[in-house]
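Trainee: Respectively, the protein sequence lines represent chains A and B.
Heads up, the first sequence is in the numbering used here, so the first residue is 1 and it goes up one at a time.
Heads up, the second sequence is in the numbering used here, so the first residue is 1 and it goes up one at a time.
I have a structure I would like to understand better, so I am pasting it below and will then ask my questions one at a time.
2 protein chains.
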Amino acid sequence: MTNERFSLPDDEITRREAQKIKELADEERKKGKKIVVVQGLGFVGAVMSAIVADCEIDGKAPYYVIGINRPTAGSYWKIPVINRGESPLKAEDPEIWKIFSRIRQKDNIRASWVEDAYAEADIVIVDVNLDVVKKGVGRAQEAGVEIGNFEKAIRAVARKMRPDALMLIETTVPPGTVEYIVKPIVLEAFRERGVVPPEGGPLIAYSYERVMPGDQYVVSIKKMWRSYAATSPGALEQARQFLSSIIDTEGFPLYRLESTTAAEMGKVLENSYRAMNIAFIHEWTRFAEDAGINLFEVVKSIRVRKGTHDNMMFPGFGVGGYCLTKDTILADWASRTIFHRKDGLKFSVEAINVNDLMPRHTFDLLKSGMPDIAGRKIAILGASYRRDVDDTRNSPTVALYDDIRAAGGVPCVHDPYAATIVGREDIVVMPDLEEVLKSASAVVMVVNHRIYQELSAGFLMNLVQPGSCIVDAFDILTDDKIVRLKKSGHVVLGVGKGHIRFL
Amino acid sequence: MTNERFSLPDDEITRREAQKIKELADEERKKGKKIVVVQGLGFVGAVMSAIVADCEIDGKAPYYVIGINRPTAGSYWKIPVINRGESPLKAEDPEIWKIFSRIRQKDNIRASWVEDAYAEADIVIVDVNLDVVKKGVGRAQEAGVEIGNFEKAIRAVARKMRPDALMLIETTVPPGTVEYIVKPIVLEAFRERGVVPPEGGPLIAYSYERVMPGDQYVVSIKKMWRSYAATSPGALEQARQFLSSIIDTEGFPLYRLESTTAAEMGKVLENSYRAMNIAFIHEWTRFAEDAGINLFEVVKSIRVRKGTHDNMMFPGFGVGGYCLTKDTILADWASRTIFHRKDGLKFSVEAINVNDLMPRHTFDLLKSGMPDIAGRKIAILGASYRRDVDDTRNSPTVALYDDIRAAGGVPCVHDPYAATIVGREDIVVMPDLEEVLKSASAVVMVVNHRIYQELSAGFLMNLVQPGSCIVDAFDILTDDKIVRLKKSGHVVLGVGKGHIRFL
Chain A
1 MTNERFSLPD DEITRREAQK IKELADEERK KGKKIVVVQG LGFVGAVMSA
51 IVADCEIDGK APYYVIGINR PTAGSYWKIP VINRGESPLK AEDPEIWKIF
101 SRIRQKDNIR ASWVEDAYAE ADIVIVDVNL DVVKKGVGRA QEAGVEIGNF
151 EKAIRAVARK MRPDALMLIE TTVPPGTVEY IVKPIVLEAF RERGVVPPEG
201 GPLIAYSYER VMPGDQYVVS IKKMWRSYAA TSPGALEQAR QFLSSIIDTE
251 GFPLYRLEST TAAEMGKVLE NSYRAMNIAF IHEWTRFAED AGINLFEVVK
301 SIRVRKGTHD NMMFPGFGVG GYCLTKDTIL ADWASRTIFH RKDGLKFSVE
351 AINVNDLMPR HTFDLLKSGM PDIAGRKIAI LGASYRRDVD DTRNSPTVAL
401 YDDIRAAGGV PCVHDPYAAT IVGREDIVVM PDLEEVLKSA SAVVMVVNHR
451 IYQELSAGFL MNLVQPGSCI VDAFDILTDD KIVRLKKSGH VVLGVGKGHI
501 RFL
Chain B
1 MTNERFSLPD DEITRREAQK IKELADEERK KGKKIVVVQG LGFVGAVMSA
51 IVADCEIDGK APYYVIGINR PTAGSYWKIP VINRGESPLK AEDPEIWKIF
101 SRIRQKDNIR ASWVEDAYAE ADIVIVDVNL DVVKKGVGRA QEAGVEIGNF
151 EKAIRAVARK MRPDALMLIE TTVPPGTVEY IVKPIVLEAF RERGVVPPEG
201 GPLIAYSYER VMPGDQYVVS IKKMWRSYAA TSPGALEQAR QFLSSIIDTE
251 GFPLYRLEST TAAEMGKVLE NSYRAMNIAF IHEWTRFAED AGINLFEVVK
301 SIRVRKGTHD NMMFPGFGVG GYCLTKDTIL ADWASRTIFH RKDGLKFSVE
351 AINVNDLMPR HTFDLLKSGM PDIAGRKIAI LGASYRRDVD DTRNSPTVAL
401 YDDIRAAGGV PCVHDPYAAT IVGREDIVVM PDLEEVLKSA SAVVMVVNHR
451 IYQELSAGFL MNLVQPGSCI VDAFDILTDD KIVRLKKSGH VVLGVGKGHI
501 RFL
């Protein structure tokens, strides 16, 4: 996110930083503030830190925030960047930039890397990642869950935290994690330290966020429903008070669940539900193409049924992002590993396989329109996984790119927002659309960014040579444009748009 | 539906009936009415006939209705019953009774069996069944589709109908049926009869209803969105005019689709979507039970997300009724048979298998609570497939009944509305709850009828002996009641209610 280089801190700097953190915490506590330590300055943790630091009650800041990130080569830079009042995220929401600058001015945040900070906390918010490693497309059942890294993070906190401090976990985890993994780790660490847990057990709460990348990022944390649960009544009350000070609970009342496992299940269930509904409509996409139907129109005709059918998904190119591609795998892992159900959540995991294979369908359409891919330049329009954002995590563009490469074609990717694809920095993403389209034998439009929808048929006809193939994988081209392109000799195909052959 | 016996009409009576139909049609046409012939007086056709006959524009009836049903031993009785002003359906909607009596008084309907009636029609509405024959639980892919019966019905109309009459099909059919099956049959019949079809082809339209059994039956036909499509602009306009006169199109505007295949797909897609969402949550039901979670609470906590998640299904006992149990099979059949896609809609059909197996889960819960089923009386509360209705078509109660029987148990079924289970008249359904509960070793509550929800813990404790097992398969018992029942020595289990073991 930044091109500057920061050298990693040495032991001496770390020792001084630890001293500084202690002094800061003492000082802020004297001002009557609670110390909130956020573990993990990633996509959610960084913004959560900023929102907590920005929080005011009756004109006063109730919290001082220390954001902790590990000092690795890849992510240490976030710490100095936050500390000089900048956002570590290149986000579409202007509010994020304002908030990081504001909390710097208020001097109410310290980004750091020293784990001693956990000892100062009244509340530790756990926002580290819990990643899934897929072993290949269509093999979601075999994916690895990096529970070891997560356990290590929890242990780091448990070794330092005060027994009366609240540990509030926001990371998406396999259901049962707090009860069967986190709580035993905390108890063991307390025992090793000779610390007596509060009556009723360690204070651990779980509450997941529903963050949505895009221009409403901050709103999607503050003005959004939250479920929560805790391991004891004391932890529950602390969590309730804290969340109520951060979330607009008048508009979005908190939902208390009976156990942390229930709250953990809420997150993976709601994302599995979306993933399932995407997989479902994908199967009908092929059916609609076989039958010569515009599935977008059929789905629209069904979505008029408000309340029961209005969230039916439209056909599309693929599923990306951090949550929908992996949360079902966490649930399946919990079912098999924690609750010993041999076949886990077979049906739901199959949806992940269907979704991971979605981009292959677009590739097949391309092949049907231009069988001879080898040696041809093929433009791919779109690298992010969502309309008008720059977020490229698990972008399905990668799968199409690899398929075209494997067939000997020369893919050339354009995106107006994203400059690279996370984890696939070898793929060149170009910002100049004309450059990408020039002399391409085929164009595959994969993200419904506004600028693609606004392209005129004339513009495309000028830049894309007649006889070449245009695949619309996301309902980007209107029927009028398709008719003009077909008339000018282009082969046009569309995901879920079987009616094109009759246009 | 009636205990009276009616003798089937002989040839002489049929000859006279044909004469009578002709006279009636001539007479009504002279009054300026259009003749609407409804083919099939089943669940939808009978009520549709009545609604069309009851229709008024500027205080005048625009249509005279002839309802046609085959004179079989099992269903001939509907004809005399309708003709004397009664409803052939035992429906919860009082409006149905009023409407049948009113159209009798208006003398605006004739139920009959003579196929010559199709020759009189300005509009023929096809409302015959298109059934699916399953070969066993979990084998939905192998199910038979009775397309032959449907083709026969279409042929009967095509042999008689005027070439300028509109054939409006409402039967749920495999997508592609109008284009690839109905239209060729009509063209062939016209050719055989030496009849020239209108320019643009025969006038065939497709529009599916979204009828919902229960006390809003008539409303669910008239005040409900309709999609429609037709084989030609002429047919489209006729269909639009007719539907606009029947449906409240101000509140529920018609949705025109580009082709009859698209309209046909709408119906099976929307029902497949519901079936998929039920199958999805069923898998999580078992997970929630393993994890000791109340899944109903978790789903409620997610449904606060209006517009995207508020239609998430709750756990339940099983899926019944006419549509959700079969419509996906029609779609899969079309994909494989009409559009030659070898593996059809595999993923969606698997949902039907999951749903057909749902009652087995309740049986497994029962066994876990009372391993020794043989020789025991087991009360099953609920025979219909939906709350507070008497509709027992494809009731999942049958699967539980059969499982208990197979295990040597003695199932005893209660329902406050249904007196028998359609197609399984061997199962005795008793109306007296106390009789059913008396000396039962276990009680399985499978339908959330209001009267079951209103049962007090005291009532159950008095009638169901301590130590016996109570399975709540539909969130019928509150936690308070469960606590009382557990305290009094009952074993209580619940579908999706893993938290019961902690109560």
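Glycine included, every Cβ here is placed at the ideal spot set by N, Cα and C.
Looking only at its chain, what residues have a beta carbon closer than 7 Å to the beta carbon of residue 187 of chain B, apart from the 5 residues adjacent to it on each side?
Mentor: Within the same chain, Cβ atoms closer than 7 Å to the Cβ of residue 187 of chain B are found at 197 and 202, the five residues on either side in sequence being excluded.
Trainee: What residue does the beta strand (DSSP E) around residue 411 of chain A start on, and which one ends it?
Mentor: 410-414
Trainee: What whole-angstrom Cβ distance do residue 126 of chain B and residue 238 of chain B have, given they're in contact under 8 Å?
Mentor: Wrong, their Cβ atoms sit about 15 Å apart, outside the cutoff.
Trainee: State buried or exposed for residue 136 of chain B, treating a residue as buried only when at least 16 other CB atoms are found within 10 Å of its CB.
Mentor: exposed
Trainee: Below 8 Å on the Cβ atoms is my guess for residue 384 of chain B versus residue 417 of chain B; work out the distance and round it to an integer in Å.
Mentor: 6 Å
Trainee: Are residue 409 of chain B and residue 378 of chain B closer than 7 Å when you measure CB to CB?
Mentor: Between residue 409 of chain B and residue 378 of chain B, the C-beta spacing is below 7 Å.
Trainee: Mind checking who residue 472 of chain B pairs with in its DSSP beta bridge?
Mentor: Paired residues: B/445 and B/494.
Trainee: Excluding the 5 residues flanking residue 355 of chain B on each side, which residues of the same chain have their C-beta closer than 8 Å to its C-beta?
Mentor: 275, 278, 279, 282, 318, 319, 324 and 325
Trainee: Within 10 Å of its beta-carbon, does residue 133 of chain A have 16 or more other beta-carbons around it, so buried, or fewer, so exposed?
Mentor: exposed
Trainee: Considering only the alpha carbon of each residue, which of B/92, B/96, B/76 and B/296 lies closest to residue 85 of chain B?
Mentor: B/96
Trainee: Under the three-state reduction of DSSP, which class applies to residue 462 of chain B: helix, strand or coil?
Mentor: helix
Trainee: Using C-beta distances below 8 Å, list every residue in its chain close to residue 467 of chain A, excluding the 5 sequence neighbours before and after it, in chain order.
Mentor: 489, 490 and 491
Trainee: Taking the beta carbon of residue 481 of chain A as the centre, do at least 16 other beta carbons fall within 10 Å, making it buried, or is it exposed?
Mentor: buried
Trainee: Looking at residue 349 of chain A: is its Cβ nearer than 7 Å to the Cβ of residue 327 of chain A?
Mentor: The answer is no: Cβ separation not under 7 Å.
Trainee: Alpha carbon to alpha carbon, how far is residue 499 of chain B from residue 292 of chain B? Give it in angstroms, no decimals.
Mentor: 5 Å
Trainee: Within the same chain, show all residues whose beta-carbon is closer than 8 Å to that of residue 339 of chain A, passing over the 5 residues directly before and after it, in chain order.
Mentor: 176
Trainee: Taking the C-alpha atoms as reference points, what is the distance between residue 65 of chain B and residue 390 of chain B?
Mentor: 28 Å
Trainee: For the beta strand (DSSP E) holding residue 67 of chain A, just list the boundary residues, first then last.
Mentor: 63-68
Trainee: Using the rule of at least 16 other Cβ atoms within 10 Å of the residue's Cβ for burial, across every protein chain shown, is residue 8 of chain A buried or exposed?
Mentor: exposed
Trainee: Taking the alpha carbon of residue 493 of chain B as the point to measure from, which residue in B/286, B/80, B/398 and B/16 has its own alpha carbon closest?
Mentor: Nearest neighbour of residue 493 of chain B by Cα position, chosen from B/286, B/80, B/398 and B/16, turns out to be B/286.
Trainee: Please classify residue 193 of chain B as buried or exposed, where buried requires at least 16 neighbouring CB atoms within 10 angstroms.
Mentor: exposed
Trainee: Name the chain A residues whose beta carbon is nearer than 8 Å to that of residue 176 of chain B?
Mentor: 291
Trainee: Here's a check: name, in chain order, each residue in its chain whose Cβ is nearer than 8 Å to the Cβ of residue 506 of chain B, leaving out the five neighbours to either side.
Mentor: With chain B covering only 1 through 503, there is no way to say anything about residue 506 of chain B.
Trainee: Any contact of the stretch 394-405 of chain B with the stretch 357-373 of chain B, i.e. 3+ C-beta pairs under 8 Å?
Mentor: yes
Trainee: Among the candidates A/114, A/256 and A/213, whose CA atom is the shortest distance from the CA of residue 225 of chain A?
Mentor: A/256
Trainee: Following the continuous beta strand (DSSP E) through residue 36 of chain B, name the residue where it begins and the one where it ends.
Mentor: 34-39
Trainee: Return the CA-CA distance between residue 453 of chain B and residue 477 of chain B, expressed in angstroms with no decimal places.
Mentor: 6 Å
Trainee: Counting only Cβ pairs nearer than 9 Å, list the residues of chain A close to residue 499 of chain B.
Mentor: Within chain A, the residues placing a beta-carbon under 9 Å from that of residue 499 of chain B are 258, 259 and 262, ordered along the chain.
Trainee: Does residue 227 of chain B have its Cβ less than 7 Å from a Cβ in chain A?
Mentor: By this cut-off, residue 227 of chain B is an interface position.
Trainee: Is residue 150 of chain B buried or exposed, if buried means 16 or more other CB atoms sit within 10 Å of its CB?
Mentor: The C-beta of residue 150 of chain B has 16 or more other C-beta atoms within 10 Å across all chains shown, which makes the residue buried.
Trainee: Whole angstroms is fine: what's the gap from residue 505 of chain B's alpha carbon to residue 382 of chain A's?
Mentor: This structure does not reach residue 505 of chain B, given that chain B is present from 1 up to 503, and the question cannot be answered.
Trainee: Cα separation between residue 404 of chain B and residue 366 of chain B?
Mentor: 9 Å
Trainee: Can a CB atom of chain A be found closer than 7 Å to the CB of residue 201 of chain B?
Mentor: Residue 201 of chain B does not count as touching chain A.
Trainee: Answer yes or no: do residue 436 of chain A and residue 412 of chain A have a C-beta to C-beta separation smaller than 7 Å?
Mentor: Between residue 436 of chain A and residue 412 of chain A, the CB-CB gap stays under 7 Å.
Trainee: For chain B, check one thing: does any of its Cβ atoms lie closer than 7 Å to the Cβ of residue 5 of chain A?
Mentor: No, no contact with chain B.
Trainee: Can you name, in chain order, every residue of its own chain whose Cβ lies under 8 Å from the Cβ of residue 178 of chain B, other than the five neighbours on each side?
Mentor: 169, 204, 206, 231, 260, 261 and 264
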